[in-house]
Structure formats: C-alpha cells, structure tokens
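S.K.:
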Amino acid sequence: MVFKIEPYVNILSFFTSQEARIAVAPTQKHGQSSSKVTANGLCIVRESFEDMAFSPTAVKLVMSSWRDTTVKQYESYISRWIQYCSERNINTLSPNVTDVVNFLAHCFDMGLGYSALNTARSALSTFIMVDKCPAGAHPHVVRLMRGVFTSRPALPRNNVIWDTSLLLNYLKKLSPVKKLNLLQLSKKAVTLTILLTGQRTQSLHLIDIRNITINKSKVTFRFGDLLKQSRPGHHIGEITVTAYAPDMNMAGIDMEKFTPHSTRSAASSQAKLAKVPLDTILKTAGWSKDCTFAKYYDKEITQQGQFADAILSGTGAHV
1 MVFKIEPYVN
11 ILSFFTSQEA
21 RIAVAPTQKH
31 GQSSSKVTAN
41 GLCIVRESFE
51 DMAFSPTAVK
61 LVMSSWRDTT
71 VKQYESYISR
81 WIQYCSERNI
91 NTLSPNVTDV
101 VNFLAHCFDM
111 GLGYSALNTA
121 RSALSTFIMV
131 DKCPAGAHPH
141 VVRLMRGVFT
151 SRPALPRNNV
161 IWDTSLLLNY
171 LKKLSPVKKL
181 NLLQLSKKAV
191 TLTILLTGQR
201 TQSLHLIDIR
211 NITINKSKVT
221 FRFGDLLKQS
231 RPGHHIGEIT
241 VTAYAPDMNM
251 AGIDMEKFTP
261 HSTRSAASSQ
271 AKLAKVPLDT
281 ILKTAGWSKD
291 CTFAKYYDKE
301 ITQQGQFADA
311 ILSGTGAHV
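Sequential numbering from 1 applies to the sequence shown in the UniProt record's numbering.
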C-alpha cells in the first residue's frame, strides 16, 4: 500500500504514546510566526524599526516575520549584545563594525562554536546596519566567521550513515499487519513516513487525520500548517509514501551513534545512491539549496544496500 499525505494541524491522536517517541504537539499551532515580542532582547529590535519611522502596522508585520523558535534563539544573543554594549558604553543600535566583530570574538572566547555565533550574527543583522549593509553581511564579519569555522568547525556528527535496508528488512518481520497491536502499527507507520518523505520528525505533528485520504493503492496526506522550511510562495506539496516502518534500535541500528533525525540523511543518501535526480531529492526533503544536502545529509552508506520507490527497491519485495 502507498501512503500519500495532505494538510492540517496537530499530531495524529494515536501517536501520543511516549513509546512512539514522537513529541506531542502543543495546543497552539506549530511553525507559525511569533506575533509579539516576549523578551527584553527583542524589544530593541522593535525600537529600531520604530526609529526608522515604520508605521505601527509595519512594525507588527515585521516582528511577526520570525517564528517562535527563531525569536527564542535570537533573544539570547540580542540580550548578550545589549549587556555587552552597556558594559562598554556602545550605542546598541548604531555600533561600528569593530564593535560587532569584537562582540562575536568575545562570544567565541566564551566557548561558543560556529553554529551559535552564526545565529548571533543573524540576530544582530535583524536590526543593525553597518556601513550601509546588515551587520552580519559586512566583509569583516564574514571574514571573522570564516576564521571561527576554521578554528572551531561545525562538523557533522557522523561521516557515514546507516543502510535503510536494515530498517526495511526488520519491518518485514512485523507481519501480518492484522496481528499487530495499535502501538506496533503506529510505530510502523510513523517511522516509514519519516523515512520515505525525507521530512523532519517534528513535521509529523502537523498531520491531521481529517486530511488523510485512503484508497486501494495509496494513502494521501497533506501538511496544513507551516513546516520549518516553509516560506512564502514555497508551500509544501503532496508527498507519496509506499509503506510502513518500526523502531530503529530493534533493526540493528546503533542508536548511540545515530539519532532518530538520521532517518532524513539515510533516506536522502539512499535516494542519491539509487540515482534519484538531485532536484527530486531537494524538493521532497524541503531543501532549497544543494549545498545543504551536500554538507549535512549526503553521506556514505555503511552497508550496501523517484524517492520512496528507490528506498523500498533495496528490499526486493513489498513490505
């Protein structure tokens, strides 16, 4: 049977078990932009737009452009920036490039790595212009960040990835389906949905059972809320999946070495090995740039082993 998906919000009700290892969605919608400033750090961002004579409506809309998760990330670094400026009598909204570079270097001395500093740079760029360009885009800042990466690189956790056939071969043993209990069947569906769509595990709680259509050859589902990678004009389309899937550790995958999120890398790497076009891989998994796939997800498969079909073909039979 083929699973295909279409949109809405909130996780499937039967995926709430802790054993299913899927975080239950909060009552609020996921992926929506934050419409209010919840921290002192972000207040200065609002102030910067007000100083630019933005209308109240314009300020509100601009402040709503960041997701809740982004707001939380930026708040920490903007608060650090405010404290740093206060201690050194620096104009928080109108620093020079030296102040910005020294702040990032200060954070580096405090133990922050490339990824954290990159977030700090993005946070400052939201409200600081230096030499007529966003603070984070200034050539001196860009050069500093290259030095940070060289000195303290943000490298992938693993250079290799597990073979998807391990998971699929284990799946075959969970048969017949009519003898599986609800939890086993749920795990099967959840894991394979993640594996064969190339989506993040967090995307599952955006599936609503009211928007699942089932027929003899496929199951169609659609995401109704914004995914992490959703952008205006880039709404996610339908995704076709062709089976189920279970617990990774029971399939012989070393969970001390790999995380559940590694299903995304395993699936996309397997698809590339099966000669699925790169554009198809990027579109299915929701990446806009091939460098993201190449840098973080395209890995050598530790065992020999269009997207979902390429993965399933390694088992030699329907599961």
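Quick reminder that beta carbons are idealized off the backbone N, C-alpha and C, glycines included.
As the structure is a computational prediction, the values presented were derived from the model and not from experiment.
Which residue or residues does DSSP assign as beta-bridge partners of P134?
M.R.: Here residue 134 refers to the residue found at position 134 when the sequence shown is read from its first residue. For P134, which the question treats as bridged, DSSP gives the partners M129.
S.K.: Is the region 93-107 touching the region 66-74 in the sense that three or more CB pairs, one from each, lie closer than 8 angstroms?
M.R.: Short answer: they don't touch.
S.K.: Do A135 and L117 have their CB atoms nearer than 8 angstroms?
M.R.: For the purposes of this step, residue 135 is taken as the residue at position 135 of the sequence shown. For the purposes of this step, residue 117 is taken as the residue at position 117 of the sequence shown. Result no, Cβ atoms of A135 and L117 do not sit closer than 8 angstroms.
S.K.: Based on the DSSP output, what are the partners of T213 in its beta bridges?
M.R.: Walking along the sequence shown from the start, residue 213 turns up at place 213. The partner list for T213 (beta bridge, DSSP) reads T220.
S.K.: Applying the 10 Å Cβ sphere with the 16-neighbour rule, what's the burial state of K132?
M.R.: In the sequence shown, counting from the first residue as 1, residue 132 sits at position 132. Result: exposed.
S.K.: Rounded to a whole number of angstroms, what is the C-alpha to C-alpha distance between S175 and K218?
M.R.: To locate residue 175, count along the sequence shown from 1; it is residue 175. To locate residue 218, count along the sequence shown from 1; it is residue 218. Each residue's alpha carbon lies about 19 angstroms from the other.
S.K.: What's the C-alpha gap between P153 and M110?
M.R.: Within the sequence shown, numbered from 1, the residue matching residue 153 stands at position 153. Within the sequence shown, numbered from 1, the residue matching residue 110 stands at position 110. In a straight line, the C-alpha of P153 is about 16 angstroms away from that of M110.
S.K.: Determine the extent of the alpha helix (DSSP H) in which L93 is found, giving its start and end residues.
M.R.: The count along the sequence shown starts at 1 and reaches residue 93 at position 93. Element bounds for L93: n/a, residue is neither H nor E.
S.K.: Quick check: the Cα distance between S79 and T191, rounded to an integer number of angstroms?
M.R.: Residue numbering aside, residue 79 sits at position 79 when the sequence shown is read from its first letter. Residue numbering aside, residue 191 sits at position 191 when the sequence shown is read from its first letter. Looking at the two C-alpha atoms, the distance is approximately 39 angstroms.
S.K.: Please say whether A120 and residue 320 have beta carbons closer to each other than 8 angstroms?
M.R.: The chain is shown from 1 up to 319; residue 320 falls before or after that span and cannot be answered.
S.K.: Mapping DSSP to helix, strand and coil, what is F54?
M.R.: On the sequence shown, position 54 is the one that residue 54 refers to. It is coil, neither helix nor strand.
S.K.: Determine the direct distance from the alpha carbon of T98 to that of I44, and round the result to whole angstroms.
M.R.: On the sequence shown, residue 44 is found 44 positions in, with the first residue counted as 1. On the sequence shown, residue 98 is found 98 positions in, with the first residue counted as 1. Their Cα atoms are separated by approximately 20 angstroms.
S.K.: Rank I212, Y114 and I128 by C-alpha distance to the C-alpha of G147 and give the top, closest one.
M.R.: On the sequence shown, residue 147 is found 147 positions in, with the first residue counted as 1. Out of I212, Y114 and I128, Y114 has the C-alpha closest to the C-alpha of G147.
S.K.: State the CB to CB distance for the pair residue 322 and L195, rounded to an integer number of angstroms; the pair is presumed to be in contact (CB under 8 angstroms).
M.R.: The structure shown does not extend to residue 322, since the chain is modelled only from 1 to 319, so the question has no answer here.
S.K.: Tell me whether the beta-carbon of L167 lies closer than 8 angstroms to the beta-carbon of I253.
M.R.: Reading the sequence shown from its first residue, position 167 is the one you call residue 167. Reading the sequence shown from its first residue, position 253 is the one you call residue 253. Contact flag set, yes.
S.K.: According to DSSP, is D208 helix, strand or coil?
M.R.: As a first step, residue 208 is located in the sequence shown; it is residue number 208 there, counting from the start. In the structure shown, D208 sits in coil (DSSP, three-state: anything other than H, G, I, E or B).
S.K.: Using only the alpha-carbon positions, how far apart do S48 and F127 sit?
M.R.: Locating residue 48 in the sequence shown gives position 48, where the first residue counts as 1. Locating residue 127 in the sequence shown gives position 127, where the first residue counts as 1. Near 6 angstroms, if we compare the C-alpha coordinates of F127 and S48.
S.K.: Where does L195 fall in DSSP's three states?
M.R.: In the sequence shown, the residue the question calls residue 195 occupies position 195. In this structure, L195 counts as helix in the three-state DSSP scheme.
S.K.: Check R152 in the structure and name its three-state DSSP category.
M.R.: As a working mapping, residue 152 is identified with position 152 in the sequence shown. Reduced to three states, the DSSP call for R152 is coil.
S.K.: Can you look up I78 in the DSSP assignment and give me helix, strand or coil?
M.R.: Within the sequence shown, numbered from 1, the residue matching residue 78 stands at position 78. I78 falls in the helix class under three-state DSSP.
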